[in-house]
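One structure below.
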Ligand code: FAD
Ligand code: NAD
């Protein structure tokens, strides 16, 4: 009899962890496991703000998939998922035709959400993956090098607008202002001429943290030169800057900028809606065991899933922490299904949240109510990063790829 085929789509936090957990939990003869990803590497999405600003080489954030998974147990296919034929148990790949499955785990991650804002897609850069962050770093450097090659100097080339002051925006700002002194030295640019402007529609950045931590974050970033435009919406993005204004007001202001980085929110991967899944902001409302209603052999996890928090009646935030815990749950549930046992409900254990403010600085709340700021929060952030590598590939991967210098870079 042929073995049941388990197909995992996407090798981000959710997909990689599902794969490694399945190989640990299942015997060789229990199932055939296949992982599909569009690149041959896995990257740490949670570190992407660093190579985007140029404070960390891209290669520190990524690793070859074959070096992490057990290739004797898992077939890895490097290809792009085009669509999912959920009624036929097939997945269509860009180069490799169709593959069949008995169980499917969809972990295709997020895309930047532009909310239909005019010109954003065409003119702004976004922190989405390895290729997009390379572009941000290169673009900023290109604008800095253009500056001295102009007859008439245009200082706006040196202005960087960051649209959105959520986690990604703030973490990027922290790295960027750390990088600027070095960048200015390298390109012979007066630091005073460089403007870094954060445009945030809400009255505050990082609204999930309490006032004391938010004020600390704002103070620290302002001291390194970030100008905050709070309660201000980015309404349009042009080739040479942005148009901003207050919510509910027609009055607008134009800010000329050589670089615009959009960090105003994310959505689930478009492949799901294009495959006929019912989605809200690109995410599938999954059941309490992370399966798609009506499709008992299909799980959706990570940033493609809306998982309800039964206590609040609202979805949990889409985070790596959640994606990783969901992967463990799915691996256990696939094993249950293979044995004809009932599935378990997914329960999220919130271990806390830390937002980096650049090298050696961060804010966070851990274990429910312990507030951290400064170096202690920055060390906690590195411990979280290292813990993931340890869970994924053991001590070897952590030593190879981890942030082992807890106090330094
Ligand atoms: P992803 O990690 O996005 O992985 C998706 C994978 O699918 C990728 O490998 C991609 O290449 C692949 N893929 C996509 N489309 C296709 C296709 N069509 N075919 C084949 N393969 C495809 N969360 C936290 O908990 N803590 C943090 O500190 C944190 N920091 C963050 C910092 C930044 C800068 C960003 C952007 C996000 C951060 N997050 C953090 C959120 C976290 O990164 C996401 O929630 C997490 O990456 C979701 O994991 P995932 O497995 O669903 O998807
Ligand atoms: P987000 O949705 O958390 O934040 C987007 C921000 O952009 C919001 O503050 C919103 O008010 C603002 N915004 C939206 N439209 C705007 C407009 N037109 N003009 C100005 N501001 C606008 O998105 P994110 O920061 O990309 O985070 C995505 C997910 O990843 C979240 O679930 C987050 O928790 C997670 N994440 C976590 C960490 C961490 O734990 N350290 C880091 C990065 C991301």
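Numbering (my numbering), first residue to last: 78 to 486. For glycine and all other residues, C-beta sits at the position ideal for the given N, C-alpha and C. Values in this document were obtained by computation on a predicted structure and should not be read as measured data.
The nearest non-hydrogen atom of the ligand FAD is 6 Å or more from the C-beta of residue 454.
Short of 6 Å from the beta carbon of residue 146, and not among the five residues preceding or following it, lie these beta carbons of its own chain, in chain order: 96.
In this structure, the alpha-carbon of residue 439 lies about 18 Å from that of residue 129. CA-CA distance, residue 233 to residue 337, rounds to 11 Å. Between residue 276 and the set 261, 292, 298 and 305, the nearest pair of CA atoms involves 305. Between the C-alpha atoms of residue 411 and residue 176 there is a straight-line separation of about 19 Å. Per the coordinates, the alpha-carbon of residue 318 lies some 35 Å from the alpha-carbon of residue 361.
Collapsing the DSSP output to three states places residue 372 in a strand.
Leaving aside the five residues that flank residue 252 on each side, the residues in its chain whose CB is nearer than 6 Å to its CB run, in chain order, 126, 127, 130, 132 and 435.
Closer than 6 Å to some heavy atom of the ligand FAD: that does not describe the Cβ of residue 203.
One Cα belongs to residue 329, the other to residue 311, and the distance between them is close to 10 Å. Pairing residue 458 with residue 247, the inter-Cα distance amounts to about 14 Å. Of the candidates 442, 482 and 84, 442 places its Cα closest to the Cα of residue 290. If the five residues before and after residue 462 are omitted, its C-beta is found closer than 6 Å to the C-beta atoms of 480, all from its own chain and listed in chain order. At least one heavy atom of the ligand FAD is found less than 6 Å from the C-beta of residue 115. Uninterrupted beta strand (DSSP E) stretches at least 3 residues long and entirely within the region 98-178 occur at 109-114, 118-120, 139-141, 151-155, 158-162, 167-170 and 174-177, given in chain order.
Apart from the 5 residues on each side of it in sequence, residue 141 sits with its Cβ closer than 7 Å to the Cβ of 117 and 118 in its chain, given in chain order. The C-beta distance from residue 112 to residue 85 rounds to 5 Å, short enough to fall under 8 Å.
Distances from the CB of residue 395 to the heavy atoms of the ligand NAD include at least one below 6 Å. Nearest neighbour of residue 122 by Cα position, chosen from 380, 179, 308 and 214, turns out to be 380. Annotation: the region 284-342 contains the following complete segments of the beta strand (DSSP E) (minimum length 3 residues), in chain order: 303-306, 310-315, 318-322, 329-333 and 336-339. Inclusion of residue 377 and residue 363 in the CB contact set at 7 Å is warranted, their separation being smaller than that value.
Three or more Cβ pairs closer than 8 Å define a contact, and the region 184-193 meets that threshold against the region 334-348. Closer than 6 Å to some heavy atom of the ligand FAD: that describes the Cβ of residue 348. Selection 190, 98, 214 and 173 evaluated against residue 135 yields 214 as nearest (Cα-Cα).
In this chain, the beta strand (DSSP E) harbouring residue 447 covers 447-450.
Remark: C-beta atoms of residue 221 and residue 264 approach each other more closely than 7 Å. The criterion of a C-beta distance shorter than 7 Å is satisfied by residue 408 and residue 98. Counting along the chain, the unbroken beta strand (DSSP E) around residue 86 starts and ends at 82-86.
Distances taken from the Cβ of residue 125 to the heavy atoms of the ligand NAD include none shorter than 6 Å. Only residues of its own chain outside the window of five on either side were considered, and among them 278, 308 and 310 have a CB closer than 8 Å to the CB of residue 324, listed in chain order. The ligand NAD never approaches residue 328 closely enough for any of its heavy atoms to be under 6 Å from the residue's Cβ. Residue 452 has its alpha-carbon roughly 27 Å from the corresponding atom of residue 271. Nearest neighbour of residue 297 by Cα position, chosen from 397, 192, 425 and 450, turns out to be 450. The DSSP assignment places 429-433, 439-443 and 447-450 as complete runs of the beta strand (DSSP E) inside the region 415-458, in order along the chain (cut-off: 3 residues). In this chain, residue 224 is not harboured by any beta strand (DSSP E); it is covered by the alpha helix (DSSP H) spanning 207-224.
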